[in-house]
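Below you'll find the structure, written out as structure tokens, and then a few comments.
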Amino acid sequence: MIVRNFLSWAQTANAAQRAEGAGALARAYLYTDLEPQERRAAEIALMSLLDDPSPLVRRALADNFASAVDAPHAIVSALASDQSDIAAPVLSRSPLLTEAELIDCAAIGDAFAQSAIALRARVPAGVCAALAEVGAREAAISLAVNPGADLPEFSMRRMIERFGDDGEMREALLARPWLPATVRNDLVKATAAALSAFVVDCGWMTNERAERLSREERDKANVIIVTETAERDGRHGVRELVSHLRASQQLTASLVLRALLSGNRDLFEAALVELSGLRAEKVAGLLRDFRGAGFAALYSRAGLPEKFLPAFRAALEAQHEYGDSHAGETRLSLMMIERVLTACDEINGGELDRLMALLRRFEMEAALDDARLEAARIAAEAQAPEVAAPAAFSGVPARSAPLIDLAAFEAELMQIAA
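Taking the working numbering as reference, the numbering of the sequence shown is continuous, increasing by one, and the terminal residue is 419.
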């Protein structure tokens with residue numbers, strides 16, 4: 002009788018009144034002990050409200066049923082397929098929606114509805130994969146920032162393929178904890194490509210110069226990623242990353258040489274395993290005798306440039322001499338580069354000019370990095386309170402000079418230029 006009276010009243014009530022009545026009926030259904038017959042009648046009345054022309058009425062139903070475990074599944078499913086501002090509360094919170102239903106709603110929903118799904122307290126891997134494949138940019142960002150999203154590695158890489166040129170997307174993914182090394186590499190590659198395209202479009206650099214700078218910055222970042230991967234996942238993790246680098250055509254001789262000159266032998270060894278197809282134990286044995294013919298044969302089998310062999314041997318010699326003094330480093334070692342430059346210069350008859358040019362660029366980079374660190378150290382010491390002023394100036398009021406963090410200053414200039 003109450004439900005019949007409600008339906009009769011709804012024929013003449015305005016939209017705001019119907020919305021208020023719909024909310025009251027939904028709460029009565031959820032929280033009142035109704036007889037089975039009355040409960041069925043209430044469900045029929047609620048179903049009829051799904052055809053109400055006013056979105057206010059359907060939104061009232063969505064707000065009340067969004068988190069309810071006892072809501073009628075059919076009504077929740079209908080609300081989830083409604084226009085996005087009505088569907089959003091249900092899509093973001095309803096425990097009744099199955100993974101298949103969420104995937105279906107993601108396929109037909111707009112960016113607002115997809116983002117509501119992406120921000121659920123728990124997003125299953127299948128739903129994540131669907132959103133990564135068909136979701137709008139906003140939904141992909143929402144998925145990336147959601148710690149409750151079970152985001153598979155292949156889905157993250159798909160998101161980078163689709164939205165890698167978007168800085169907000171890259172930042173959102175980079176903020177996720179325990180990001181796989183391959184995904185970090187893809188983010189580095191996407192960032193380098195976006196910056197290169199930007200400076201070329203602005204006319205600030207030639208395409209060739211931008212490409213070289215982009216490649217060198219990407220290589221620097223990859224050395225850092227390899228070092229951190231070795232610390233976290235061991236050699237197995239490094240080999241997986243090296244395999245990914247090869248598949249994406251980033252496993253170049255310059256990257257491997259850079260890693261070796263930074264004290265990182267893991268990447269070089271993993272690259273030889275990947276490129277030669279030999280077992281890791283066999284490669285490690287040949288690498289120990291890097292002066293012998295066996296290593297030269299391994300190097301040739303790996304397909305690395307023949308003219309770079311003296312540089313690799315000199316780098317291994319320097320690493321052997323200096324021991325573990327550069328182990329775990331991510332910056333180029335100026336001492337090792339100078340050692341390699343000397344060795345290559347002694348045998349260069351013009352055929353190593355390209356290699357020498359690369360080594361000179363490495364030398365310049367390492368020298369600048371060392372100078373920045375030293376300048377920062379000197380500036381910090383000058384600011385330390387225990388450093389007394391010279392006696393000759395004891396009667397003159399001290400005047401503090403502003404500190405300049407050169408690395409931050411360079412980054413700031415690049416940001417201004419961009």
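Note that CB positions come from ideal geometry on N, CA and C, so glycine has one too.
Rounded separation between residue i and residue j - CA only
i: Val128; j: Ala176; result: 21 Å
i: Ala122; j: Ile338; result: 51 Å
i: Val224; j: Glu134; result: 30 Å
i: Ala25; j: Val146; result: 36 Å
i: Ala1; j: Arg378; result: The chain is shown only over 2 to 419; residue 1 falls outside these bounds and no answer can be derived.
i: Arg1; j: Glu322; result: This structure does not reach residue 1, given that the chain is present from 2 up to 419, and the question cannot be answered.
i: Thr207; j: Val201; result: 6 Å
i: Glu139; j: Asp167; result: 11 Å
i: Ala108; j: Ala114; result: 10 Å
i: Ser197; j: Glu366; result: 19 Å
i: Leu287; j: Phe296; result: 5 Å
i: Pro37; j: Arg28; result: 16 Å
i: Ser277; j: Asn265; result: 19 Å
i: Asp65; j: Ser82; result: Just to set this straight, residue 65 is Asn in the shown sequence, not Asp. Whole-angstrom Cα-Cα distance: 16 Å.
i: Arg59; j: Glu100; result: 23 Å
i: Glu172; j: Arg362; result: 30 Å
i: Leu335; j: Asp370; result: 9 Å
i: Ala381; j: Arg373; result: 12 Å
i: Asp34; j: Arg40; result: 9 Å
Cut-off 7 Å between Cβ atoms - residues of its own chain near residue i, not counting five sequence neighbours on either side
i: Ala222; result: Val189
i: Ser255; result: Asp220 and Leu359
i: Ala193; result: Ser215, Glu218 and Arg219
i: Pro148; result: none
Contact under 7 Å by Cβ, residue i with residue j
i: Glu162; j: Ile142; result: no
i: Val239; j: Asp267; result: yes
i: Arg247; j: Glu275; result: yes
i: Val70; j: Val91; result: no
i: Ala368; j: Ala344; result: no
i: Pro54; j: Ile87; result: no
i: Leu333; j: Ser263; result: yes
i: Pro125; j: Asp105; result: no
i: Leu103; j: Ala119; result: no
i: Leu50; j: Ala23; result: yes
i: Ala42; j: Leu8; result: no
i: Ala63; j: Ala20; result: no
i: Ala130; j: Ser156; result: yes
i: Glu154; j: Pro181; result: yes
Simplified DSSP state of residue i, which is helix, strand or coil
i: Val70; result: coil
i: Ala122; result: coil
i: Ala14; result: coil
i: Thr228; result: helix
i: Gly286; result: helix
i: Cys203; result: coil
i: Gly165; result: coil
i: Gly304; result: coil
i: Pro54; result: coil
i: Asp64; result: helix
i: Asn265; result: coil
i: Ser215; result: helix
i: Glu352; result: coil
i: Thr192; result: helix
i: Ala402; result: Only weak support is given to the placement of Ala402: the predicted model assigns it a pLDDT of 35, under 50, and the question is left unresolved by the model.
i: Leu180; result: coil
i: Thr331; result: coil
Those residues which DSSP pairs with residue i across a bridge
i: Ala150; result: Val124
Own chain partners of residue i with C-beta closer than 6 Å, once the 5 adjacent residues on each side are dropped
i: Arg73; result: Looking at the sequence provided, one finds Pro at residue 73 rather than Arg. Excluding residues within five positions, the ones whose Cβ falls inside 6 Å are Glu44.
i: Ala281; result: Val274
i: Ala195; result: Asp166
i: Tyr30; result: Ala43
i: Arg271; result: Here residue 271 is Ala; the residue named in the question, Arg, does not match the sequence. Correct list, in chain order: Val239, Arg240 and Val243.
Own chain residues within Cβ distance below 8 Å of residue i, not counting five before or after
i: Asp111; result: Ser85 and Ala137
i: Arg158; result: Thr183, Val184 and Asp187
i: Val341; result: Leu262, Ala312, Ala315, Ala316, Ala319 and Leu360
i: Ser93; result: Ala67, Ala117, Ile118, Leu120 and Arg121
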